[in-house]
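Heads up: the structure comes next, in structure tokens.
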Amino acid sequence: MARGISLRRFRPEDAAAVHRWFNSPAMTANLVEHRDSFTEEDARAWVERAMDDSGEDRKWAVEFEGVDEAVGYTALYGLGRQTAPELGAIVADERVVGKGVGREAERLTNKIAYEEFGAHKVYGRIPATNEAAKKAVIYNGWKQEGVLRRHVRHGDELIDVELWGGFPEDQPDPPAAEGEDGSR
Numbered sequence: 126m127a128r129g130i131s132l133r134r135f136r137p138e139d140a141a142a143v144h145r146w147f148n149s150p151a152m153t154a155n156l157v158e159h160r161d162s163f164t165e166e167d168a169r170a171w172v173e174r175a176m177d178d179s180g181e182d183r184k185w186a187v188e189f190e191g192v193d194e195a196v197g198y199t200a201l202y203g204l205g206r207q208t209a210p211e212l213g214a215i216v217a218d219e220r221v222v223g224k225g226v227g228r229e230a231e232r233l234t235n236k237i238a239y240e241e242f243g244a245h246k247v248y249g250r251i252p253a254t255n256e257a258a259k260k261a262v263i264y265n266g267w268k269q270e271g272v273l274r275r276h277v278r279h280g281d282e283l284i285d286v287e288l289w290g291g292f293p294e295d296q297p298d299p300p301a302a303e304g305e306d307g308s309r
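Residue 126 is where the sequence shown starts when you use this note's numbering, and the numbers rise one by one after that.
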């Protein structure tokens, strides 16, 4: 399990990393929405919006110990409504892909949704082709709740989008500290 993972508020200097994330075909291939272009100015504006916590959406930069910039982000969309907020996430730094960063960042984000915002549930829309995202939400106790057939267009292809959701009581415990359980 990944350790040394934390969430923090976005800062203006995160724009360079955000620009790279959204211009990496490998990192954006499995997102629900694609952008035709994403300029440096777009990245600065995205970060400005991410820093604004006055509305019903929140975004956090994901940090990984030993990497000097944000490696991705998580978000909660639609906080404070009668409906459950939606989780969004991307881990887009090749140095940490495959190390459990996404699932732990999502666990931390879910915890914020439940404990700080009083969410009764968190859900997400995941393209059926995104196996890494499905592994992360399964780890976090989520269950598949439905499929939106041929819901999103990626080029000439129509992709199913799966609906997944989880509840506070299904959250896993935090990962054990190194050596804490005697098995590491």
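Ideal Cβ positions, reconstructed from N, Cα and C, are used throughout, including at glycine.
Model, not experiment: these values are computed from the prediction.
query	result
What first and last residue would you give for the beta strand (DSSP E) that runs through ALA244?	Element bounds for ALA244: n/a, residue is neither H nor E.
Grab me the residues of ARG136's own chain with a C-beta within less than 7 Å of its C-beta, minus the 5 sequence neighbours each way, in chain order.	none
Is the segment 198-213 close to the segment 179-186, with three or more CB pairs under 8 Å?	yes
Buried or exposed: THR234, going by 16 or more other Cβ atoms within 10 Å of its Cβ?	buried
In the DSSP assignment, what are the bridge partners of THR199?	TRP185 and ALA214
Leaving aside the five residues before and after VAL157 along the sequence, list all residues of the same chain whose C-beta is less than 7 Å from its C-beta, in chain order.	ARG250, PRO252, VAL277 and VAL286
Helix, strand or coil for PRO300? Go by DSSP, reduced to three states.	coil
Report the partner residues of PRO252 according to the DSSP bridge assignment.	VAL286
Determine which residues share a DSSP beta bridge with ARG278 and list them.	LEU283
Just to confirm my understanding: we take PRO299, look at its own chain, exclude 5 residues before and 5 after, and list those with CB closer than 8 Å. What are they?	ARG232
Count the CB pairs spanning the segment 254-261 and the segment 220-231 that are closer than 8 Å, and state whether there are at least three.	yes
Do you know how far the Cα of ARG134 is from the Cα of ASP193?	15 Å
Using C-beta distances below 8 Å, list every residue in its chain close to LEU132, excluding the 5 sequence neighbours before and after it, in chain order.	TRP185, ALA186, VAL187, GLU188, THR199, ALA230, LEU233, THR234 and ILE237
With DSSP as the reference, label ALA140 as helix, strand or coil.	helix
What residue from ALA257, TRP267 and ASP139 has the CA that sits closest to PRO297's CA?	TRP267
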